[in-house]
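Chemist: The working numbering puts the sequence shown at residues 21 to 334.
Starting off with a structure, shown below.
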Amino acid sequence: MSPGEKLDPIPDSFILQPPVFHPVVPYVTTIFGGLHAGKMVMLQGVVPLDAHSRFQVDFQCGCSLCPRPDIAFHFNPRFHTTKPHVICNTLHGGRWQREARWPHLALRGSSFLILFLFGNEEVKVSVNGQHFLHFRYRLPLSHVDTLGIFGDILVEAVGFLNINPFVEGSREYPAGHPFLLMSPRLEVPCSHALPQGLWPGQVIIVRALVLQEPKHFTLSLRDQASRAPVSLRASFTDRTLAWISPWGQKKLISAPFLFYPQRFFEVLLLCQEGGLKLALNGQGLGATSVNQQALEQLRELRISGSVQLYCVHS
């Protein structure tokens, strides 16, 4: 990108940020683009066995210390009593509102994966894949721009994601996959095995960060003969995103070019009968046709280019 060159305008729904691994608690961070319906925050961690009190996750309207910012959603597991429970509340104008209580959340001494799924009128919370509570907003979701984590908790990872764009009108939780903590940055080029090929309904997830001086990014699906029936390629020289056929033909994808230096992105590929659907940062961008027999014969996902990989899942 040349000096002074303007970036394409990016909708808020495209603004994601890299996952954070092993932050020191208390931990406070800005939520890029703020919160909006369809956004999901993933918290992966452990409550120490010798924890004596509580921890809390606050979705705040700002990060000032004085005056204390409003807290739209306060999620507060407490385990200092014989009956562990969770308190949820809202802080507005320095005063707590009426609290809501949910019993039976025993986290002490165990690891967990909590998903906060933000809808139009309420936030839903799942713990280890099971729905736990829902809390109706008392302050506008659009006011939230800060996440705070405090208390007796060891945080392994925090992620900011969008829900599955391929599930239209679904009220169910999206699938939450733990981040790869042992190797938060995977080696590039990367090869990921697909031992059973692709089948309808399978979703491939790739999360990465564009390097400072990028050249290209390529995601290809290959069969046992190393043929690639379909490839996805982002070119930084002409700022295009395209499907590449096995014969090198390029089919441009009509979308803002979002692969800029130091920007985080998430690619989703949904396999369906006779083709693949593409979503970038939670927004559906169309599909490409691939013979179903060819999809079933794919055995490798290969990623190369100017990126830092954080997650590859299929």
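Every residue, glycine too, gets a C-beta built ideally from N, C-alpha and C.
What you are looking at is a predicted structure, and each value in this text was computed from that prediction instead of being measured.
Distance, Cα to Cα, Trp219 vs Ile323?
Modeler: So the alpha carbons of these two residues sit roughly 20 angstroms apart.
Chemist: Just how far apart, CA to CA, sit Phe237 and Ser309?
Modeler: So the two alpha carbons sit approximately 21 angstroms from each other.
Chemist: How far does the alpha helix (DSSP H) with Gln4 in it reach, from first residue to last?
Modeler: A question about residue 4 goes unanswered here, because the residues of the chain that appear run from 21 up to 334.
Chemist: Bridge partners for Glu286 per DSSP, in chain order?
Modeler: Bridge partners of Glu286: Arg227.
Chemist: Note the first and the last residue of the continuous beta strand (DSSP E) segment covering Phe277.
Modeler: Looking at the DSSP string, Phe277 is not in any beta strand (DSSP E), and its letter there is neither H nor E.
Chemist: Name the two residues that bound the continuous beta strand (DSSP E) containing Cys86.
Modeler: Segment: none, Cys86 is in no beta strand (DSSP E) and carries neither H nor E.
Chemist: Alpha carbon to alpha carbon, what distance is there between Val45 and Leu63?
Modeler: The alpha-carbon atoms of Leu63 and Val45 are separated by roughly 13 angstroms.
Chemist: Give a yes or no on contact between the segment 144-151 and the segment 35-42, applying the rule of three or more CB pairs nearer than 8 angstroms.
Modeler: No: the two stretches stay apart, fewer than three of their Cβ pairs being nearer than 8 angstroms.
Chemist: Can you give the Cα-Cα distance for Tyr330 and Leu206, rounded to whole angstroms?
Modeler: About 6 angstroms.
Chemist: Give the straight-line distance between the Cα atoms of Phe284 and Arg227, rounded to the nearest whole angstrom.
Modeler: For Phe284 and Arg227, the distance between alpha carbons rounds to 7 angstroms.
Chemist: Run the CB neighbour count on Lys271, radius 10 Å, all protein chains shown included, and call it buried at 16 or more, exposed below.
Modeler: Per the 10 Å Cβ criterion, exposed.
Chemist: Under the rule that 16 or more other beta-carbon atoms within 10 Å means buried, what is Glu286, buried or exposed?
Modeler: Per the 10 Å Cβ criterion, buried.
Chemist: Can you tell me where the beta strand (DSSP E) holding Val178 begins and where it ends?
Modeler: Residues Leu174 to Asn182.
Chemist: Does the distance from the C-beta atom of Val327 to that of Val230 stay below 8 angstroms?
Modeler: Against a cut-off of 8 angstroms, the Cβ pair of Val230 and Val327 comes out as a contact.
Chemist: Would you kindly report the start and end of the unbroken beta strand (DSSP E) that includes Pro123?
Modeler: Per DSSP, Pro123 belongs to the beta strand (DSSP E) from Ala120 to Pro123.
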